[in-house]
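Protein chains in written order, with the UniProt record's numbering: chain A, 1 to 219; chain B, 1 to 219; chain C, 1 to 219; chain D, 1 to 219.
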Amino acid sequence: MSKNKLISVEQAVDYIKDGMTVMIGGFLGVGSPNKIIDALVKKGVKDLTLIANDTAFPEVAIGKLIVNKQIKKVIASHIGTNKETGRQMTEGETEVELIPQGTLAERIRAAGAGLGGILTPTGIGTVVEEGKRKIEIDGKEYLLELPLKADIALIKGAKVDKNGNVYYRNSARNFNPIMAMAADLVIVEAEEIVEIGEIDPNEVITPGIFVDYIVRGDE
Amino acid sequence: MSKNKLISVEQAVDYIKDGMTVMIGGFLGVGSPNKIIDALVKKGVKDLTLIANDTAFPEVAIGKLIVNKQIKKVIASHIGTNKETGRQMTEGETEVELIPQGTLAERIRAAGAGLGGILTPTGIGTVVEEGKRKIEIDGKEYLLELPLKADIALIKGAKVDKNGNVYYRNSARNFNPIMAMAADLVIVEAEEIVEIGEIDPNEVITPGIFVDYIVRGDE
Amino acid sequence: MDKQRAREIIAKRVAKELKDGDVVNLGIGLPTMVANYIPDGIDIILQSENGFIGLGPVSKSGEEDKDLINAGGQPVTIKPGGAFFDSATSFAIIRGGHVDATVLGALQVDEKGNLANWMIPGKMVPGMGGAMDLVVGAKKVIIAMEHTAKGKPKILKECTLPLTAAGQVNLIITEMAVIEVTERGLVLKELGPEATIEDVKANTEADLIIADDLKKMEI
Amino acid sequence: MDKQRAREIIAKRVAKELKDGDVVNLGIGLPTMVANYIPDGIDIILQSENGFIGLGPVSKSGEEDKDLINAGGQPVTIKPGGAFFDSATSFAIIRGGHVDATVLGALQVDEKGNLANWMIPGKMVPGMGGAMDLVVGAKKVIIAMEHTAKGKPKILKECTLPLTAAGQVNLIITEMAVIEVTERGLVLKELGPEATIEDVKANTEADLIIADDLKKMEI
Numbered sequence: 001m002s003k004n005k006l007i008s009v010e011q012a013v014d015y016i017k018d019g020m021t022v023m024i025g026g027f028l029g030v031g032s033p034n035k036i037i038d039a040l041v042k043k044g045v046k047d048l049t050l051i052a053n054d055t056a057f058p059e060v061a062i063g064k065l066i067v068n069k070q071i072k073k074v075i076a077s078h079i080g081t082n083k084e085t086g087r088q089m090t091e092g093e094t095e096v097e098l099i100p101q102g103t104l105a106e107r108i109r110a111a112g113a114g115l116g117g118i119l120t121p122t123g124i125g126t127v128v129e130e131g132k133r134k135i136e137i138d139g140k141e142y143l144l145e146l147p148l149k150a151d152i153a154l155i156k157g158a159k160v161d162k163n164g165n166v167y168y169r170n171s172a173r174n175f176n177p178i179m180a181m182a183a184d185l186v187i188v189e190a191e192e193i194v195e196i197g198e199i200d201p202n203e204v205i206t207p208g209i210f211v212d213y214i215v216r217g218d219e
Numbered sequence: 001m002s003k004n005k006l007i008s009v010e011q012a013v014d015y016i017k018d019g020m021t022v023m024i025g026g027f028l029g030v031g032s033p034n035k036i037i038d039a040l041v042k043k044g045v046k047d048l049t050l051i052a053n054d055t056a057f058p059e060v061a062i063g064k065l066i067v068n069k070q071i072k073k074v075i076a077s078h079i080g081t082n083k084e085t086g087r088q089m090t091e092g093e094t095e096v097e098l099i100p101q102g103t104l105a106e107r108i109r110a111a112g113a114g115l116g117g118i119l120t121p122t123g124i125g126t127v128v129e130e131g132k133r134k135i136e137i138d139g140k141e142y143l144l145e146l147p148l149k150a151d152i153a154l155i156k157g158a159k160v161d162k163n164g165n166v167y168y169r170n171s172a173r174n175f176n177p178i179m180a181m182a183a184d185l186v187i188v189e190a191e192e193i194v195e196i197g198e199i200d201p202n203e204v205i206t207p208g209i210f211v212d213y214i215v216r217g218d219e
Numbered sequence: 001m002d003k004q005r006a007r008e009i010i011a012k013r014v015a016k017e018l019k020d021g022d023v024v025n026l027g028i029g030l031p032t033m034v035a036n037y038i039p040d041g042i043d044i045i046l047q048s049e050n051g052f053i054g055l056g057p058v059s060k061s062g063e064e065d066k067d068l069i070n071a072g073g074q075p076v077t078i079k080p081g082g083a084f085f086d087s088a089t090s091f092a093i094i095r096g097g098h099v100d101a102t103v104l105g106a107l108q109v110d111e112k113g114n115l116a117n118w119m120i121p122g123k124m125v126p127g128m129g130g131a132m133d134l135v136v137g138a139k140k141v142i143i144a145m146e147h148t149a150k151g152k153p154k155i156l157k158e159c160t161l162p163l164t165a166a167g168q169v170n171l172i173i174t175e176m177a178v179i180e181v182t183e184r185g186l187v188l189k190e191l192g193p194e195a196t197i198e199d200v201k202a203n204t205e206a207d208l209i210i211a212d213d214l215k216k217m218e219i
Numbered sequence: 001m002d003k004q005r006a007r008e009i010i011a012k013r014v015a016k017e018l019k020d021g022d023v024v025n026l027g028i029g030l031p032t033m034v035a036n037y038i039p040d041g042i043d044i045i046l047q048s049e050n051g052f053i054g055l056g057p058v059s060k061s062g063e064e065d066k067d068l069i070n071a072g073g074q075p076v077t078i079k080p081g082g083a084f085f086d087s088a089t090s091f092a093i094i095r096g097g098h099v100d101a102t103v104l105g106a107l108q109v110d111e112k113g114n115l116a117n118w119m120i121p122g123k124m125v126p127g128m129g130g131a132m133d134l135v136v137g138a139k140k141v142i143i144a145m146e147h148t149a150k151g152k153p154k155i156l157k158e159c160t161l162p163l164t165a166a167g168q169v170n171l172i173i174t175e176m177a178v179i180e181v182t183e184r185g186l187v188l189k190e191l192g193p194e195a196t197i198e199d200v201k202a203n204t205e206a207d208l209i210i211a212d213d214l215k216k217m218e219i
């Protein structure tokens, strides 16, 4: 517990290279690491594969990366709130892979949890089946869905201690805790940074062992 | 949120019938619902299938159900601390199915999460493989492990509000939260019962929607 | 019938399907209106798939919480006794059968209980979000929609748009009818306040079985 | 060599394998002793599979917390900056590759890195507990054991007891030797303070490759 995890937003963005696969927490912008995203936009890192629940709105959070054409491929459950994502998809500029939200969450969790995959009933009888193995158990069909990993996860916490333990607030939690387990490098943007011991070990949501670096957020 | 979930320990035990499958939280007795277990021992409900991490010690928690010969089958990861379980297994009195602890946890979670199964690398190349489907993904073998459900889950919380929201303390959490999701009926023994609103919604570990009944514990 | 009046009839009628203590997920749009018509004495618990139960009304202007939105992105409140969780847990709740009912809109629904509500190829591809998991996982799937779209039937012999899920719909509620999906086919159970059997048949492509106890909708 | 002295040598040598910031899971018994010999300036984070990170020393008499034990059932403490979680998360951490090293005892270990440490058919069947997951999931698997049992080799050409896992062991540390498991076979890297190559060979059934840079163990 000796490493100093605190870095600047510029240092954080230096870890993100062209072509990497990046998970970003948030749901329609709530719970996204906006300061890091803004720095990414400023730096113009490109050809990223983005894994996120949605692409927010054109002027909000993850949406800005879309508008700025930094994303080569989007893996998400929903893009309907950001018309630019749809336009880029339709015109063949950006590849979009749509995944049911529960399957997206479970695939990310599977990667973090060392599972080879999970069987879900979701998507059976729909286009989501395409290209996937179906496995029958007790007469019921399931889709075999594979783990989804990233090079980097960018997450956002309300309160983060210097050990990297994260406490989320309200619905800003969403995909952040599972993404924190499924990437090679994890950077958390902290609304508030506190001393070790200030978050009760019973109330830690993401244990500090998952967090490599902490960036001080704006709020 | 209108139902009164508070019942007596006698009422709780009335839900548990001979031959049922019962999950009980706890790890070597820590985090087990002792008051309910004691009432079960007193009532002598029998032929139960028990799903638990371990069988504790002969005089402690779940161990008492073993000593009192109320269990037909044990599904656990470890029975070494309770010699009576081993004796009953060896002499053919009680069936014992041993499951790796992580697989046990994941199978219980899968049942609660509506998954048809999960793929784990744990147990490959061991006796745990026997009778299970192996699935290869990217050249690596995994065992397909199926969900594990129960008729009743008996869990223990440190603080429970009248809605059934549960807050666990320290390592007493263990299997309780996942068992609360994997049974048809869930009864929580509460060390402390508090009013609705006294547990911060961010600090609830088991949401009240999973809890059918609350029993006041002894501490 | 005026659109607003039609939507009100639908929302009111759906509200009567919900039982005290039910955990319910309401889709965006018309389904969200259902919360306004829950009868006195009935308490339902709303689940919000972005990560909480105990969803309360939309926030008053000036009282918005930046960390608290519903799945449609509106600033909302949480009721006392609610709980927050991450997206994996949220969909464990949904897929695991812990949601008693979900109310969703539809583009098309058919005789087999197939539902299409997430895309129109070449036109609208917003993504399925949580809909596929909700329809597969909820114990009861209620479709709440206007009976026709631009005068054309939406209740078909067979959906032509890409499915959200196969064979999962239980009940269809429109301003003209309450229709149950059964193994025998679609059963017309109730007529809307201004509808006759002939009206419903004329506006429905699918075959309808008229219930022996066909009633007028009570709203 | 006296048993106590042997165990101390092993624990001290294992301690030197651990790097600053490593997340480590120590098995019951001898492996637990390793925590007493971590070199100054090295901070390791101990994971306890019953549900926390930041495992601290055993509790002082009279200061035991009924809700806080290690996986062996001893009352223990948690260090500031630690965090509690449930059993599914605990094994997600283990199986997901988030534990840098695990130190475990063995009944037998062989040339292929196979490990047997959980049962002796007909004699000892305590259950595998978390061992199978730990051995499969930890990035580095270190076996810490006395070189022989009652004078008989434990490092074999091929394990005869039921395996805990196949091909997962990386390093074997005994009072006589440090042996690395490689694709070429077992490589003798270091000799214990009182051992010669001949001693080690005489007490090892498996073939040993002598490292070019064979060293004396520094403890």
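Positions of the beta carbon are idealized from the N, C-alpha and C atoms, including for glycine.
Pro201 (chain B) counts as buried, since at least 16 other C-beta atoms from the protein chains shown sit within 10 angstroms of its C-beta. Excluding five sequence positions before and after Met128 (chain D), the CB atoms of its chain that fall closer than 6 Å to its own CB belong to Trp118, given in chain order. Ranked by Cα distance from Gly123 (chain A), the first of C:Ile172, C:Ile120, C:Lys201 and C:Met132 is C:Met132.
With 16 or more neighbouring CB atoms inside 10 Å of its own CB, Lys189 (chain C) falls in the buried class. Considering only beta carbons, the part of the stretch 159–191 of chain B lying closer than 9 Å to chain D consists of Tyr168, Arg169, Asn170, Ser171, Ala172, Arg173, Asn174, Phe175, Asn176, Pro177 and Ile178, in chain order.
For Tyr167 (chain B), the secondary structure class from DSSP, reduced to helix, strand or coil, is strand. Among the residues of chain A, none has a CB under 7 Å from the CB of Pro57 (chain D); the nearest is roughly 15 Å distant. Going by DSSP, Glu10 (chain A) is part of no beta strand (DSSP E) but of the alpha helix (DSSP H) stretching over Val9 to Asp14. In the structure shown, Gln108 (chain D) falls within a strand segment according to DSSP collapsed to helix, strand and coil.
A direct Cα-to-Cα measurement between Gly102 (chain A) and Glu91 (chain B) gives close to 46 Å. Contact between the stretch 61–68 of chain A and the stretch 34–50 of chain A is present, with at least three C-beta pairs closer than 8 Å.
Burial state of Glu175 (chain D) is buried, judged by a 10 Å Cβ sphere holding 16 or more other Cβ atoms.
Contact between the stretch 141–151 of chain A and the stretch 38–45 of chain C is absent: fewer than 3 CB-CB pairs across the two stretches fall below 8 Å. Here the stretch 136–151 of chain C lies against the stretch 27–37 of chain C, with 3 or more beta-carbon pairs under 8 Å apart. Here Lys46 (chain A) has Asp18 and Gln70 as same chain residues with Cβ atoms under 6 Å from its own Cβ, once five neighbours each way along the sequence are excluded. Within 7 Å of the CB of Pro75 (chain C), no CB atom of chain B is found; the nearest one sits about 16 Å away. Shown here, Ala83 (chain C) sits in a strand according to DSSP, grouped into three states. Among the residues of chain D, those whose CB is under 7 Å from the CB of Leu98 (chain B) are Gly127 and Met128, following chain order. Residues of chain B with a Cβ closer than 8 Å to the Cβ of Gly97 (chain C) are, in chain order, Gly114. Within the same chain, Cβ atoms closer than 6 Å to the Cβ of Asp151 (chain B) are found at Met20, Thr21 and Asp184, the five residues on either side in sequence being excluded. The contact set of Pro80 (chain D) on chain A, defined by CB atoms closer than 8 Å, consists of Ile196 and Gly197 in chain order. With 16 or more other Cβ atoms from the protein chains shown falling within 10 Å of its own Cβ, Asn165 (chain B) counts as buried.
Nearest in C-alpha terms to Ala92 (chain D), of all of D:Gly122, D:Pro75, D:Gly51 and D:Lys112, is D:Gly51. Contact note: Ile209 (chain B) reaches chain C through Val23, Ile45, Ile53 and His98, using a C-beta cutoff of 7 Å and chain order. Bridge pairing for Met23 (chain B): B:Ile51 and B:Ala153 [DSSP].
Think of a sphere of 7 Å around the beta carbon of Arg216 (chain B): no beta carbon from chain D falls inside it, the nearest being about 18 Å out. Against Gly27 (chain C), chain B offers no close residue; the least beta-carbon distance is about 19 Å (beta-carbon pairs closer than 8 Å).
Residue ranges of uninterrupted beta strand (DSSP E) with 3 or more members, entirely inside the stretch 118–152 of chain B and ordered along the chain, are 134–137 and 140–145. In the DSSP assignment, Lys16 (chain C) falls outside any alpha helix (DSSP H) and carries neither an H nor an E. Assignment of beta-bridge partners to Met124 (chain D) by DSSP yields D:Ile120.
DSSP, reduced to helix, strand and coil, places Val99 (chain C) outside both helices and strands of the structure shown, so it counts as coil. As DSSP reads the structure, Lys215 (chain C) sits in a beta bridge with C:Glu190. The stretch 191–199 of chain B makes contact with the stretch 154–174 of chain B: 3 or more CB pairs, one atom from each, lie closer than 8 Å. About 23 Å separates the beta carbon of Met179 (chain B) from that of Gly44 (chain B), a gap too long to meet the 8 Å contact definition. Counting C-beta pairs closer than 8 Å gives fewer than three between the stretch 11–26 of chain D and the stretch 202–209 of chain C, which falls short of the contact rule. Considering only beta carbons, the part of the stretch 161–189 of chain C lying closer than 8 Å to chain A consists of Pro162, Leu163, Thr164, Ala165, Ala166 and Gly167, in chain order.
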